[in-house]
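Visitor: As numbered in our numbering, residues 233 to 558 make up the sequence shown, in order.
All residues carry an ideal CB built from backbone N, CA and C; glycine is no exception.
None of these values were measured; they are calculated from a predicted model.
Below you'll find the structure I mean.
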Amino acid sequence: MKESLVKFTNESSIPLPLAVWAVDDDYDFIDDPYYFSVTSLLKPVRQMVLSKRVDPEKQKMDVEGLVAVAMGKSIHAGIERAWTRNLATNLKLLGYQDSVIQRFKINPEIVNDGDIPVYIEQRTIKEFEGFKIGGKYDMVLDGVVYDNKSTSTFKWTNHTSDDDYIKQGSLYRWLNQDKITGDYIRINFIFTDWSKLNAIRDPEYPQHKIAYKDYPLMSIPETERYLRQKLSLIKKYWNSPDDEIPECTDEELWRNPTKYKYYVNPKATRATKNFDSLVEAKQWMAGMGKGVIRIVPGEARRCNYCSAVPICEQYKRLHNGLEQSS
C-alpha cells in the first residue's frame, strides 16, 4: 500500500474507531501518470487531465466524505472473503450439492471441462495508444462479468449511470477477452436507502433491497473506437491551459436543475414560490407586481468527488456564490 499524501480532516468529529475505518485504504494504486483505470475513463476529459496535475500534498479531504466509499469497500471485501474462504460451506447452506460445489474453481490458471470458473478482483493492464489501460473487475462467474454497487435507489429509478455501466463492462471485456465471454454485464445493486413502503407504492421502484440489472456490452471494435476517441482527447489537452480544456457538461457534473426562487419580500429568507424556469418566475412576479427572483444554480455534485477541484477554474466559478438576483 502506498502512503497517502492527502491531508485528512475530521470536522464532523466522527468517532476514532470509525474514522480509522474510513481512511483505511489498501487499494493497489498504479503510480504512473500514463495509466488510466476503467473507472477513471468514465470520467470527463477535464477531470482526467487536471487531476494528473494536482499535487497530492495540497489536497484536503474530510473523513465524512469517505464514509460511503468505505462502506462500499467493506461490502466488496466481505463478498470476496465469502467466496475465497468459505465457498463450499456457503454453497452447501444455499442447497447446492457436493457434485456441483466441486465444479467451482476460484481464479483457476487452467479451466477443465465441467469447471465453473470464478475470477475475483483480478487486475489486467494493456498498453494502448501510448497509455496503459487497466481495470480490476469485481467478479467473472462462468464468463459473465459482475459488478457490485452499494448505492441509492436513484441510480435504479433514474437510469443516470446506465451508459457508464455499459462502458465499464465493455472495457473489462476488452481487457479480459479470455475470461469474459458473456455479452452483458450484471450490475448487482445493494441499496443504501431502500424503503419497503416505496416498493409497495411504486412498481418502478426496486422491489427488494438487493436487485440486479443486465446491460448489453459494446462489441470489441466499438469498445476500441470509444477508447481511442477518449484517449485522443486526453492527448490533445494533456498540456493545455485550463481555459482550453473543454468544461464538464451539466450531465457530467451530475448537476441538479437550476431553481428560480421568487420572494414577494426581498428581505425574506424563505422563498414565496419556487419555479423551474425563469420565464415562469417572471410571469408570476409580473402578476404580483413586486418582488425579486433569485437564481440558484443546481449543485454540481460530481465536484464533491473530483480531485481536480484545487486547480479547476470551472469549479471556482461554479462555487463562487450560488445565488444571483433577477
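Assess contact between the stretch 380-395 and the stretch 351-358, defined as three or more Cβ pairs (one per stretch) separated by less than 8 angstroms. Is contact present?
Guide: No, the stretch 380-395 does not touch the stretch 351-358.
Visitor: Have a look at Arg487, Gly521, Glu531, Asp474 and flag the residue whose alpha-carbon is nearest the alpha-carbon of glutamine 279.
Guide: Comparing Cα-Cα distances from glutamine 279 to each of Arg487, Gly521, Glu531, Asp474, the minimum goes to Asp474.
Visitor: Between which two residues does the beta strand (DSSP E) harbouring serine 451 extend?
Guide: Segment: none, serine 451 is in no beta strand (DSSP E) and carries neither H nor E.
Visitor: Please list, in chain order, all residues of the same chain as tyrosine 547 whose beta carbon is under 8 angstroms from its beta carbon, the five residues on each side excluded.
Guide: Excluding sequence neighbours, tyrosine 547 sits near Ala532, Cys535, Cys538, Ala540, Val541.
Visitor: What three-state label does DSSP hand methionine 233 in the structure shown?
Guide: Residue placement at methionine 233 is flagged as unreliable, the pLDDT there being 41, under the threshold of 50; a coordinate-derived value is accordingly withheld.
Visitor: Residues in the same chain with beta-carbon distance under 6 angstroms from lysine 239, minus the five sequence neighbours each way, listed in chain order, please.
Guide: Excluding residues within five positions, the ones whose Cβ falls inside 6 angstroms are Lys292.
Visitor: Compare the Cα-Cα distances from cysteine 544 to each of Asp256, Ser283, Thr383 and report the closest residue.
Guide: It is Ser283 whose Cα lies nearest to the Cα of cysteine 544.
Visitor: Give the straight-line distance between the Cα atoms of glycine 523 and leucine 550, rounded to the nearest whole angstrom.
Guide: Taking the straight line from one Cα to the other gives about 26 angstroms.
Visitor: How close, in whole Å, do the beta carbons of isoleucine 352 and threonine 316 come, if the pair is a contact with beta carbons under 8 angstroms?
Guide: Rounded, the Cβ-Cβ distance is 6 angstroms, consistent with contact.
Visitor: Measuring alpha carbon to alpha carbon, tell me which residue in Met517, Gly375, Gly304 is nearest asparagine 497.
Guide: Cα-wise, what sits closest to asparagine 497 is Met517.
Visitor: Tell me where the beta strand (DSSP E) around proline 349 begins and ends.
Guide: 348-352 is the extent of the beta strand (DSSP E) around proline 349.
Visitor: Determine the burial state of alanine 500: buried for a count of at least 16 other Cβ atoms within 10 Å of its Cβ, exposed for fewer.
Guide: So alanine 500 counts as exposed.
Visitor: So what's leucine 274 in DSSP terms, helix, strand or just coil?
Guide: DSSP places leucine 274 in coil when its eight states are reduced to three.
Visitor: CA-CA distance, proline 435 and isoleucine 477?
Guide: Roughly 43 angstroms between the two C-alpha positions.
Visitor: Under three-state DSSP, which class holds glutamate 341?
Guide: Of the three classes helix, strand and coil, the one that applies to glutamate 341 here is coil, per DSSP.
Visitor: Counting C-beta neighbours from all protein chains within 10 Å, is the total for alanine 513 16 or more, i.e. buried, or is it exposed?
Guide: Answer is buried; the Cβ neighbour count reaches 16.
Visitor: Leaving out the 5 sequence neighbours to the left and right, which residues in its chain are closer than 7 angstroms to glutamate 484 when beta-carbon positions are compared?
Guide: Around glutamate 484: Pro276, Arg534.
Visitor: In three-state terms, what does DSSP make of arginine 355?
Guide: Residue state, collapsed to three classes: strand.
Visitor: Using a Cβ-Cβ cutoff of less than 6 angstroms, which residues in the same chain neighbour asparagine 339 once the five nearest sequence positions on both sides are dropped?
Guide: Answer for asparagine 339: Tyr351, listed in chain order.
Visitor: Can you give the beta carbon distance from valine 372 to asparagine 408, rounded, assuming they're within the 8 angstroms contact cut?
Guide: 7 angstroms between Cβ atoms; contact.
Visitor: Would you decide whether leucine 449 is buried or exposed? Buried here means 16 or more other CB atoms lie within 10 Å of its CB.
Guide: Label assigned to leucine 449: buried.
Visitor: Which residues in the same chain have their Cβ closer than 6 angstroms to the Cβ of arginine 487, if we skip the five residues on either side of it in sequence?
Guide: Correct list, in chain order: Gly530, Ala532.
Visitor: Would you give the residue range spanned by the alpha helix (DSSP H) that phenylalanine 386 belongs to?
Guide: Element bounds for phenylalanine 386: 386-390.
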